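Just so you know, the sequences run in chain order A, B and C.
Be aware that the first sequence starts at 0, since it is given in numbering that gives the first Met the number 0, and climbs by one per residue.
Be aware that the second sequence starts at 0, since it is given in numbering that gives the first Met the number 0, and climbs by one per residue.
Be aware that the third sequence starts at 0, since it is given in numbering that gives the first Met the number 0, and climbs by one per residue.
Glycine included, C-beta positions come from ideal geometry on N, C-alpha and C.
These numbers were taken from a predicted model, which means no experiment stands behind them.
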Amino acid sequence: MTREAFSPRIAAFLCSWCSYGAADMAGVGRMGYPADFRVVRIPCTGRLSPKFILSALRQGADGVWVSGCHPGDCHFISGNLMVRRHFTLLKNLLEYVGVEPGRLHFSWISSAEADKFARVAADVAAAVRALGPASGALGALIKAV
Amino acid sequence: MQTRIVNIRAAAKAALEEGLCRVVAGYAPGAIAMRARPVFIDKPEDAGKLTWSSFCVGNLAGLLTQAAKQASGRIGVVAQGCVSRNLVGLIGEGRLAREDLYVIGVPCLGMAERRKIEARYPGRAIIAVEESEEVFVVRGKRREERMLRRDALRDNCYTCVQRNPVIYDALVAEPVPDTGGGDIDKVAAPWEKHPPGERLAAFQAAYANCTRCHACRDVCPLCYCSTCFVDESTPQWAGKTGDFADVATYHLLRALHCAGRCTDCGACESACPQNIKVRRLTSKLEKDVRALYGCQAGMALGESPPLTVFRPDDPQDFIK
Amino acid sequence: MQSYLLAKDRLDGFVSRLADRLTVYVPAKGADGLWSFVASGSAQPPLALTPEGGNTNMPPKSFVFPRTEVLMRFDNRAGEGGMILREEPVPAGRAVLLGVRPCDAKALAVLDGIFGRRASGDASGEVSGGAFGADPYWAARREATILCGLACNYPCPTCFCDQMGCGPHHREGLDALWTDLGESYLVTILTERGRELASDLAPAAQADLNRAESLKAEAASLLTGKFPMDKIAQRGVLELCELPLWAELAATCLNCGACTHVCPTCHCFDIQDEVKGERGRRLRNWDTCMSGLFTRHASGHNPRGDKLARVRQRFMHKFKYIPVKRGEAGCVGCGRCIKACPVNIDVREVVRAMNEQAPQTPEGAA
Numbered sequence: 000m001t002r003e004a005f006s007p008r009i010a011a012f013l014c015s016w017c018s019y020g021a022a023d024m025a026g027v028g029r030m031g032y033p034a035d036f037r038v039v040r041i042p043c044t045g046r047l048s049p050k051f052i053l054s055a056l057r058q059g060a061d062g063v064w065v066s067g068c069h070p071g072d073c074h075f076i077s078g079n080l081m082v083r084r085h086f087t088l089l090k091n092l093l094e095y096v097g098v099e100p101g102r103l104h105f106s107w108i109s110s111a112e113a114d115k116f117a118r119v120a121a122d123v124a125a126a127v128r129a130l131g132p133a134s135g136a137l138g139a140l141i142k143a144v
Numbered sequence: 000m001q002t003r004i005v006n007i008r009a010a011a012k013a014a015l016e017e018g019l020c021r022v023v024a025g026y027a028p029g030a031i032a033m034r035a036r037p038v039f040i041d042k043p044e045d046a047g048k049l050t051w052s053s054f055c056v057g058n059l060a061g062l063l064t065q066a067a068k069q070a071s072g073r074i075g076v077v078a079q080g081c082v083s084r085n086l087v088g089l090i091g092e093g094r095l096a097r098e099d100l101y102v103i104g105v106p107c108l109g110m111a112e113r114r115k116i117e118a119r120y121p122g123r124a125i126i127a128v129e130e131s132e133e134v135f136v137v138r139g140k141r142r143e144e145r146m147l148r149r150d151a152l153r154d155n156c157y158t159c160v161q162r163n164p165v166i167y168d169a170l171v172a173e174p175v176p177d178t179g180g181g182d183i184d185k186v187a188a189p190w191e192k193h194p195p196g197e198r199l200a201a202f203q204a205a206y207a208n209c210t211r212c213h214a215c216r217d218v219c220p221l222c223y224c225s226t227c228f229v230d231e232s233t234p235q236w237a238g239k240t241g242d243f244a245d246v247a248t249y250h251l252l253r254a255l256h257c258a259g260r261c262t263d264c265g266a267c268e269s270a271c272p273q274n275i276k277v278r279r280l281t282s283k284l285e286k287d288v289r290a291l292y293g294c295q296a297g298m299a300l301g302e303s304p305p306l307t308v309f310r311p312d313d314p315q316d317f318i319k
Numbered sequence: 000m001q002s003y004l005l006a007k008d009r010l011d012g013f014v015s016r017l018a019d020r021l022t023v024y025v026p027a028k029g030a031d032g033l034w035s036f037v038a039s040g041s042a043q044p045p046l047a048l049t050p051e052g053g054n055t056n057m058p059p060k061s062f063v064f065p066r067t068e069v070l071m072r073f074d075n076r077a078g079e080g081g082m083i084l085r086e087e088p089v090p091a092g093r094a095v096l097l098g099v100r101p102c103d104a105k106a107l108a109v110l111d112g113i114f115g116r117r118a119s120g121d122a123s124g125e126v127s128g129g130a131f132g133a134d135p136y137w138a139a140r141r142e143a144t145i146l147c148g149l150a151c152n153y154p155c156p157t158c159f160c161d162q163m164g165c166g167p168h169h170r171e172g173l174d175a176l177w178t179d180l181g182e183s184y185l186v187t188i189l190t191e192r193g194r195e196l197a198s199d200l201a202p203a204a205q206a207d208l209n210r211a212e213s214l215k216a217e218a219a220s221l222l223t224g225k226f227p228m229d230k231i232a233q234r235g236v237l238e239l240c241e242l243p244l245w246a247e248l249a250a251t252c253l254n255c256g257a258c259t260h261v262c263p264t265c266h267c268f269d270i271q272d273e274v275k276g277e278r279g280r281r282l283r284n285w286d287t288c289m290s291g292l293f294t295r296h297a298s299g300h301n302p303r304g305d306k307l308a309r310v311r312q313r314f315m316h317k318f319k320y321i322p323v324k325r326g327e328a329g330c331v332g333c334g335r336c337i338k339a340c341p342v343n344i345d346v347r348e349v350v351r352a353m354n355e356q357a358p359q360t361p362e363g364a365a
């Protein structure tokens, strides 16, 4: 498959209180962003277990994007701050075993930031697209059936 | 070593006689060379069953959570530095209560890696190994060899940061230097020196022989979930196969569950029937936890595990 | 029965000639220090058939009963009439395992009694002899695997094969038995399949056979002595289930699968379908009676719901249930579980305790 023809599948875990709203608003505002995402709406990034991210990668996601509320804005006060440490360690660990840094993306996007949502979505899609289909360490994590 | 054995027995006997605890978890001699087995004793006259050696490589803290669930009352436990750190961790996580523990503390000289001793004398059946502070005396059928302790320690023991117990109610020997002398940060994440493209090969090679017996999980005092993620079936987070994807998922998630809580006690590596260097992932995570959050698990009572708290200024360079 | 002689300095040549027509696996030491069976081409010459430490770290069980085995595949291709099931082909070609210890070969013979086996030399024959009918996957792989044993001249402190109806020079389950005579191997042919491998070897002399016999007696004398199991055989299952030793074991048993995974006779498995989109596969994976998941029902009920029941199962299965059904122990005395157990549960001590604690007279007898 050529890079141009490659359309990545990116699992996007979006917090219901902010980034998911931003995606809605980007849509309402007719802002263009790549269609490479499979969005999973989650109640808070604090709910996002590393299991979910591994699970997406095992099922063949070419990349993962997690987006939640800005620090201090969490609907549950501190879910995003709590999970930030988990994300840091998970990302480091996956890179340690060889997963390319460009496969995992994290962002804080409030529900008012439709423009940031569209911009980050474009960045994430471009980064994953540049890496091509999951291969190497990421490919080794894919559950073959 | 003999002092430790004598004093462990005396401490256990006294504790049981005086009613300071209803049972003591310790080690008894193993059935074959270079092994010790966990044992629970509840009668003062059984204190003589207890022993201590550099082959007490499990982690008794793990058995305590189970014992604590089964009956109430104070439990005694023989604990060296790392095990005492695990006790502190389990207290912090609400699994054990300090007042329910009677800790018989053992200043540790480092635990032995039996495979290093076996590798030194290939093809020869080792019948017994005796030890002093400096040397192991390895007995075969006809021969007797001496091996320096520093050549036979487990990897994690060279870089130990807490050889003396953090908490104890009785101490069975004079405290030893607190560290094993090695620098854990230098060796914690050996694959970092590989270019990213070559890390997968190291990862695959390290876990190639894993049969998923889950001994590393079951020996670990941190793994007390009533249902482990690996046994969950709806959804099934890790498949049941020996395929690398499932092996990797199991080990990655297990390591992540231990992040910020692991004391590098090495029980997982000692338990592995396949010689897998299971600490490759956990020691990398603990290195990050130290560097990013300045925490080491179980070093003081009252500290919260680093992954249950946050600082507003925690590093987040990677977040857009 | 015929016997041949192979000088040790000719071993590498012999193996490489064999490897021209069959896949040959030999014990070799890996980078991690463990001995395992590897394809002869990837073993570092000169070959050494005797692992340091007596035996390979894992038994050769996985050659016949893989850790993960695909039983069939299915997919649901639109326009092709719905569900399509495809049998998974068993790998073609025959393999020779060289240097299999008699205990491990006996273990495969024990498992033949459970999974069933084709009459030797008759690849298309009916599978028979299995405890629950026939297992074609087992039988096919068993048929494709020729076992050349290497007799044990120096049993380990953990060995108790003689106790379990086996022995350091036992021949059951093998196609040929090799005996290390020092400068050469005595190759004793045991089956027709074993014979094809020895076509270019010189016959052995009577002195060689005598030497092998004396090595056999010497090896047997090195084993540490038998222990009684009579009461285990005489008492009923329920009587043995109530013994106090089970609670003692359960206090420290971790319920990990180390013992069952290294065991040459443990054969419990779990069948599972893995489905992705329109495709899927049916798998057989090793499982272990130590795991609660192994027996947990869909309802949530677990007939072996606690550690005690699970640790008891392993020993009762090997030393009571299989003997009752098959007339021989489900253990071959290889001692791997003794070495592997993280809490040093010693199967010999367990069996001794079972026998000691079993009631003298049957329950209810006056």
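Could you tell me if I74 of chain B is buried or exposed, where buried requires 16 or more neighbouring beta carbons within 10 angstroms of its beta carbon?
Working through the second sequence from its first residue, we reach residue 74 of chain B at position 75. Buried.
Could you pull out every residue in the same chain whose Cβ sits closer than 7 Å to the Cβ of R40 of chain A, ignoring the five residues on either side in sequence?
By one-based count along the first sequence, residue 40 of chain A stands at place 41. So the qualifying residues of the chain are L13, S15 and Y19.
So P101 of chain C is in the alpha helix (DSSP H); what residue range does that whole segment cover?
Locating residue 101 of chain C in the third sequence gives position 102, where the first residue counts as 1. P101 to F114 is the extent of the alpha helix (DSSP H) around P101 of chain C.
Entirely within the region 225-286 of chain B and at least 4 residues each: give me those alpha helix (DSSP H) ranges in chain order.
243-257 and 266-270
Anything in chain C within Cβ reach of V144 of chain A, meaning under 9 Å, just list it in chain order.
Translated into positions along the first sequence, residue 144 of chain A becomes position 145. Correct list: R72, E273, V274, K275, G276, R278, G279 and R280.
For Q69 of chain B, which of helix, strand or coil comes out of DSSP?
Position 70 of the second sequence holds residue 69 of chain B. Correct three-state label for Q69 of chain B: helix.
Please list the terminal residues of the continuous beta strand (DSSP E) segment that includes S66 of chain A.
Taking the first sequence and counting its residues from 1, the one referred to as residue 66 of chain A is at position 67. Start and end: G62 to G67.
What ranges does the beta strand (DSSP E) occupy inside the region 45-108 of chain B, keeping only unbroken runs of at least 3 residues that lie completely in it?
74-78 and 100-104
Taking 6 Å as the limit between beta carbons, can you name the residues of its chain near A211 of chain C, skipping five residues before and five after?
By one-based count along the third sequence, residue 211 of chain C stands at place 212. Result list for A211 of chain C: T178 and L185, in chain order.
Using 8 Å as the threshold, is the region 145-155 of chain C in touch with the region 93-101 of chain C, meaning 3 or more CB pairs across them?
yes
Just reading off the alpha helix (DSSP H) that Y206 of chain B is part of, what are its end residues?
For the purposes of this step, residue 206 of chain B is taken as the residue at position 207 of the second sequence. Segment P195 to Y206, the alpha helix (DSSP H) holding Y206 of chain B.
Return the chain-ordered ranges of every beta strand (DSSP E) run that is complete within the region 124-192 of chain C and spans a minimum of 3 residues.
144-149, 175-179 and 183-188
Hey, is A10 of chain A's beta-carbon within less than 8 Å of any beta-carbon in chain B?
Residue 10 of chain A sits at position 11 when you count from the first residue of the first sequence. Judged by the 8 Å Cβ criterion, A10 of chain A is not in contact with chain B.
Is the region 260-270 of chain C in contact with the region 321-336 of chain C, if contact means three or more CB pairs nearer than 8 Å?
yes
Checking contacts by CB at 8 Å: is L13 of chain A closer than that to chain B?
Mapped onto the first sequence, residue 13 of chain A falls at position 14. False, the Cβ-Cβ gap to chain B never drops below 8 Å.
Could you check whether the Cβ of A13 of chain B sits closer than 8 Å to any Cβ belonging to chain A?
Taking the first residue of the second sequence as position 1, residue 13 of chain B is located at position 14. Cβ-Cβ to chain A under 8 Å: no for A13 of chain B.
For G29 of chain B, which option in C:R351, C:V342 and C:E142 has the closest C-alpha, if you only look at C-alpha atoms?
Along the second sequence, one-based indexing puts residue 29 of chain B at 30. G29 of chain B has its Cα closest to that of C:V342, out of C:R351, C:V342 and C:E142.
If we count Cβ pairs, one from each stretch, closer than 8 Å, do we get three or more for the region 111-121 of chain B versus the region 2-12 of chain C?
no
Taking C-beta to C-beta, are N354 of chain C and V310 of chain C nearer than 8 Å?
Taking the third sequence and counting its residues from 1, one reaches residue 354 of chain C at position 355. Taking the third sequence and counting its residues from 1, one reaches residue 310 of chain C at position 311. Not in contact: N354 of chain C and V310 of chain C (Cβ atoms no closer than 8 Å).
If you draw a straight line from the alpha carbon of V105 of chain B to that of P174 of chain B, how long is it in whole angstroms?
Position 106 of the second sequence, counted from the first residue, corresponds to residue 105 of chain B. Position 175 of the second sequence, counted from the first residue, corresponds to residue 174 of chain B. Per the coordinates, the alpha-carbon of V105 of chain B lies some 8 Å from the alpha-carbon of P174 of chain B.
Could you tell me which of A:R29, A:I9 and A:L137 sits nearest to V65 of chain A, measuring between CA atoms?
Here residue 65 of chain A is taken as the residue at index 66 of the first sequence, counted from 1. Per the C-alpha coordinates, the member of A:R29, A:I9 and A:L137 positioned closest to V65 of chain A is A:I9.
Identify whether E94 of chain A lies in helix, strand or coil by the three-state DSSP scheme.
Numbered from 1 along the first sequence, position 95 holds the residue referred to as residue 94 of chain A. The answer is helix: DSSP assigns E94 of chain A an H, G or I state.
In chain order, what residues of the same chain lie with their CB nearer than 8 Å to the CB of Y206 of chain B, ignoring the 5 residues before and after it?
Locating residue 206 of chain B in the second sequence gives position 207, counting from the first residue. Contacts found: F243, V246, A247, H250 and I275.
Along chain B, in chain order, which residues have C-beta atoms closer than 9 Å to that of D305 of chain C?
Indexing the third sequence from 1 puts residue 305 of chain C at position 306. The contacting residues do not exist; D305 of chain C stays about 10 Å from chain B at best.
In the DSSP output, which residue or residues are listed as bridge partners for P37 of chain B?
In the second sequence, counting from the first residue as 1, residue 37 of chain B sits at position 38. Beta-bridge pairing links P37 of chain B to B:Y26.
Can you tell me where the alpha helix (DSSP H) with Q315 of chain B in it begins and where it stops?
If you number the second sequence from 1, residue 315 of chain B lands on position 316. Run containing Q315 of chain B: none; DSSP gives neither H nor E here.
Nearest CA to the CA of E99 of chain A: which residue from A:L140, A:S48 and A:D35?
The count along the first sequence starts at 1 and reaches residue 99 of chain A at position 100. Closest option to E99 of chain A, Cα to Cα, is A:L140.
What is the rounded straight-line gap between the Cα of G120 of chain C and the Cα of P220 of chain B?
The residue given as residue 120 of chain C occupies position 121 in the third sequence. The residue given as residue 220 of chain B occupies position 221 in the second sequence. Legend: pLDDT at G120 of chain C = 47, less than 50; position of this residue unreliable, value from coordinates given subsequently. In a straight line, the C-alpha of G120 of chain C is about 52 Å away from that of P220 of chain B.
Distance check for G109 of chain B and V44 of chain B, CA to CA, integer angstroms please.
Position 45 of the second sequence holds residue 44 of chain B. Position 110 of the second sequence holds residue 109 of chain B. Before going on, a small fix: residue 44 of chain B reads as Glu here, not Val. Approximately 29 Å between the Cα atoms of the pair.
Can we say the region 160-174 of chain C touches the region 103-112 of chain C, given the rule of at least three CB pairs closer than 8 Å?
yes
Could you tell me which residues DSSP pairs with K275 of chain C in its beta bridges?
Mapped onto the third sequence, residue 275 of chain C falls at position 276. C:R278, per the DSSP bridge assignment.
Measuring CB atoms only, is the region 91-107 of chain B touching the region 162-181 of chain B, in the sense that at least three cross pairs come out at less than 8 Å?
yes
Identify every residue that forms a DSSP beta bridge with I41 of chain A.
For this step, residue 41 of chain A is matched to residue 42 along the first sequence. DSSP, once it has assigned bridges, lists A:C14 as partnering I41 of chain A.
With F36 of chain A and A120 of chain A assumed to form a contact (beta carbons below 8 Å), what rounded beta-carbon distance in angstroms separates them?
Within the first sequence, the letter at position 37 stands for residue 36 of chain A. Within the first sequence, the letter at position 121 stands for residue 120 of chain A. Yes, they are in contact, since the Cβ atoms of F36 of chain A and A120 of chain A sit about 7 Å apart, within 8 Å.
I'd like to know whether the C-beta of L62 of chain B is nearer than 8 Å to at least one C-beta of chain C.
On the second sequence, residue 62 of chain B is found 63 positions in, with the first residue counted as 1. Taking Cβ atoms only, chain C reaches closer than 8 Å to L62 of chain B, which makes this a yes.
To be precise: take each residue of the region 225-241 of chain C, compare its Cβ to all Cβ atoms of chain B, and keep it if any distance is under 9 Å. Which residues remain?
none
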